[in-house]
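With the sequence shown counted from 1, adding 895 to any position gets you our numbering.
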Amino acid sequence: MKFLTLRLKYIAVAAALLCLLVAGGFSAKAAGAESVFMSGPRSLPIYCVDRDDNKIAISFDCAWGTEHTDAILSCLSSAKVRATFFTVQFWSEKYPEYLKKIDAAGHEIGTHSATHSYMSRLSEEEIRAELKSSSEAITSVTGKEVSLFRPPYGDYDNLLIDTAGAMGLYPIQWDVDSLDWKDLSASDIAARIVERVKSGSIILCHNNGLHTAEALPIIFDTLRAKGYEFVPIGELIYKENYTIDSAGKQKAENKA
896 MKFLTLRLKY IAVAAALLCL LVAGGFSAKA AGAESVFMSG PRSLPIYCVD
946 RDDNKIAISF DCAWGTEHTD AILSCLSSAK VRATFFTVQF WSEKYPEYLK
996 KIDAAGHEIG THSATHSYMS RLSEEEIRAE LKSSSEAITS VTGKEVSLFR
1046 PPYGDYDNLL IDTAGAMGLY PIQWDVDSLD WKDLSASDIA ARIVERVKSG
1096 SIILCHNNGL HTAEALPIIF DTLRAKGYEF VPIGELIYKE NYTIDSAGKQ
1146 KAENKA
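Listed below in structure tokens is the structure:
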């Protein structure tokens, strides 16, 4: 009898813990995504797009240095690939000539915040200030409005995503991480990307990765041979009439 009573208590505790997890939300890894948050009401950025036309996007985060940026721009030019660059305000202000190069080459530029901080720790007022000033730093050089935002470290909460959206910015994550910042070899970077890409994927790279430029020709040649087409993120995502599922996949509302 005592054993049965104890067992029932354990079952009750387990059930209570499960209820807490469901109510509070939980995180889980999904195919291709490094960290996808899943819960009912959670606000999510766009990790990838539900498309069946084999269009994909490659992006580069710019926060520190430019030593390898010219080589990356050269590879993109040779392959006739238009990419998306996300720049931090202090990088934009330190290297305005690179903003001009990136823009002149036909690439898209979004904000990567003002200070590259963990923005889930900021108030709404601080978030708005970061997004406003960092976008203005880009527009002042290119003359073009900014419509894309990538949270630093992939860190976000409901307030950040909702505030960015209210300011007219589409929050963008990724579902294919090159890990080029770890100084992987060119072949390892290429393999990670090629093995994970699917139609609608968003690839994460960095403008100052040690072997990123070396990996790009392999990536472009291999994926094009598989029928993929590279477009900037702004041309990959849906701008209206869409939903985002619990894995961060953006879907047109008229698609099942």
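Just so it is clear, CB atoms sit at the ideal spot from N, CA and C, and this is done for glycine as well. Owing to the predicted nature of the structure, the values given are computational and were not obtained by experimental measurement.
- In this chain, the alpha helix (DSSP H) harbouring residue 1111 covers 1107 to 1120.
- Here residue 945 is near residue 1144, since their CB atoms are less than 7 Å apart.
- Annotation: residue 942 to residue 1069 spans about 4 Å, alpha carbon to alpha carbon.
- Nearest in C-alpha terms to residue 991, of all of 1086, 1090, 1036 and 1140, is 1036.
- Less than 7 Å divides the Cβ of residue 987 from the Cβ of residue 1032.
- Of the candidates 989, 1146, 1128 and 1136, 1128 places its Cα closest to the Cα of residue 1003.
- Per DSSP, the beta-bridge partners of residue 1097 are 952.
- For residue 966, no beta strand (DSSP E) encloses it; the enclosing alpha helix (DSSP H) starts and ends at 964 to 974.
- The residues 970, in chain order, have a CB closer than 6 Å to that of residue 1111 in the same chain once the five nearest residues on each side in sequence are set aside.
- For residue 1147, the enclosing beta strand (DSSP E) begins and ends at 1144 to 1147.
- Under the 8 Å Cβ criterion, the stretch 1086 to 1097 does not count as touching the stretch 1037 to 1054, having fewer than three qualifying pairs.
- Distance check between residue 980 and each of 1133, 1046 and 1079 places 1046 closest, using alpha-carbon atoms only.
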